[in-house]
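Numbering (this note's numbering), first residue to last: 7 to 263.
For reference, the structure is listed below as structure tokens.
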């Protein structure tokens, strides 16, 4: 079996787990969680990162951007103008073109505003960005994002930070079936079985932040997520047995005494 790798914008990754860098007790804990998880991509909220005060600790001092791919995101943006300005700033600061776009529609539930998101995606693609897009679990919207040039589709499992797991399995299946782009489940994963389920559905990866950072034992959860993603992916590639609503004996019927 040839090596199974996640490919985004032509670059290959051995890990299909992407880890967020927010909500940890410290940069040190975050760095240890990333290391244990095996993740090769981390998301960084540009609007919340320290880029001015050299007296305060910097994430780059703990997670080497030459070894781990930084994925700047637009967390905290509530309209297209804010998101565009944020990602243009990220490009000026670090030269990043592979980015994660999220434009939120409300402050309570943090659902994406897909009108603003779609508009922003189209503009960013024209400016040369490679855009991984946080979106609703809506197959029609996912197809529109692909049509305007998104590099990856990132449908939510459930609201950001909710830990509710996958609420709409059938829509995720449709999104996976209709697109050739990477499908990364983003938001709402609560524990390792949720991550394994996303991979079992055929998704290409999962992005997890809160479920690791706010677990009682973050480092142990990071390890659990690592193996859950691997297990779910292998299960998907293996091909599960068909559902059968009657019993089926494991032993052959021939040769019974």
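Beta carbons are placed, not taken as given, at the ideal position from N, Cα and C, and that holds for glycine.
Just so it is clear, the structure is predicted and the values come from calculations on it, not from any experiment.
- request: Return helix, strand or coil for residue 226, following the three-state DSSP convention.
  value: The three-state secondary structure of residue 226, taken from DSSP, is helix.
message: the ligand MN and residue 23: does any heavy atom of the ligand fall closer than 6 Å to the residue's C-beta?
response: Looking for the ligand MN in the displayed structure turns up nothing, as the structure carries no ligands at all.
message: Using only CA atoms, which one of 168, 90, 141 and 162 lies nearest to residue 132?
response: Checking every option, the nearest Cα to that of residue 132 belongs to 90.
message: Let me check understanding here. Comparing Cα to Cα, which of 63, 50 and 11 lies closest to residue 34?
response: Residue nearest to residue 34 within the set 63, 50 and 11 is 63 (criterion: CA-CA distance).
query: Between residue 111 and the rest of its own chain, which residues show a CB-CB distance below 7 Å, the 5 nearest in sequence each way excluded?
result: Correct list, in chain order: 117, 118 and 119.
Reduced DSSP category for residue 125 - H, G, I as helix; E, B as strand; rest coil: In the structure shown, the three-state DSSP call for residue 125 is helix.
message: If distances are taken between C-alpha atoms only, which option among 115, 139, 164 and 74 comes closest to residue 17?
response: Taking only the C-alpha atoms, the option nearest residue 17 is 74.
- prompt: Cα separation between residue 80 and residue 123?
  reply: In a straight line, the C-alpha of residue 80 is about 11 Å away from that of residue 123.
query: Taking one C-beta from the stretch 216-230 and one from the stretch 244-257 each time, how about it: are there three or more such pairs within less than 8 Å?
result: Touching, no.
field: Cβ neighbours of residue 238 in the same chain (closer than 6 Å, five flanking residues each side left out)
entry: The answer, listed in chain order, is 202, 205 and 206.
- prompt: Apart from the five residues on each side of it in sequence, which residues of its chain come closer than 6 Å, Cβ to Cβ, to residue 147?
  reply: Setting aside the 5 residues that flank it on each side, residue 147 is surrounded in the same chain by 120 and 141, each with a C-beta closer than 6 Å to its C-beta; the list follows chain order.
- prompt: Under a Cβ-count criterion, where at least 16 other Cβ atoms within 10 Å of its own Cβ denotes burial, should residue 210 be classed as buried or exposed?
  reply: For residue 210, the number of other beta carbons within 10 angstroms of its own is at least 16, and it is reported as buried.
Per-residue DSSP class, three states only, for residue 193: Residue 193 falls in the coil class under three-state DSSP.
- prompt: What is the DSSP secondary structure of residue 81, reduced to helix, strand or coil?
  reply: Residue 81 falls in the coil class under three-state DSSP.
6 Å Cβ shell around residue 234 - same chain, five flanking residues per side excluded: Same-chain partners within the cutoff: 198, 201 and 202.
message: To the nearest angstrom, how far is the alpha carbon of residue 113 from that of residue 38?
response: Between residue 113 and residue 38, the C-alpha separation is close to 30 Å.
task: Return no unless some Cβ of chain C is closer than 7 Å to the Cβ of residue 187.
output: Checking the listed chains, one finds no chain C in this structure; it contains a single protein chain.
message: Let me confirm a value: residue 251 is counted as buried when at least 16 other C-beta atoms fall within 10 Å, else exposed. Which label applies?
response: It counts as exposed.
message: So residue 136 and residue 104 are supposed to be a Cβ contact under 8 Å. How far apart are they, rounded?
response: About 5 Å separates the two Cβ atoms, so the contact holds.
message: Considering only their Cβ atoms, is the gap separating residue 174 from residue 143 smaller than 7 Å?
response: Yes, the pair counts as a contact, with Cβ atoms nearer than the cut-off.
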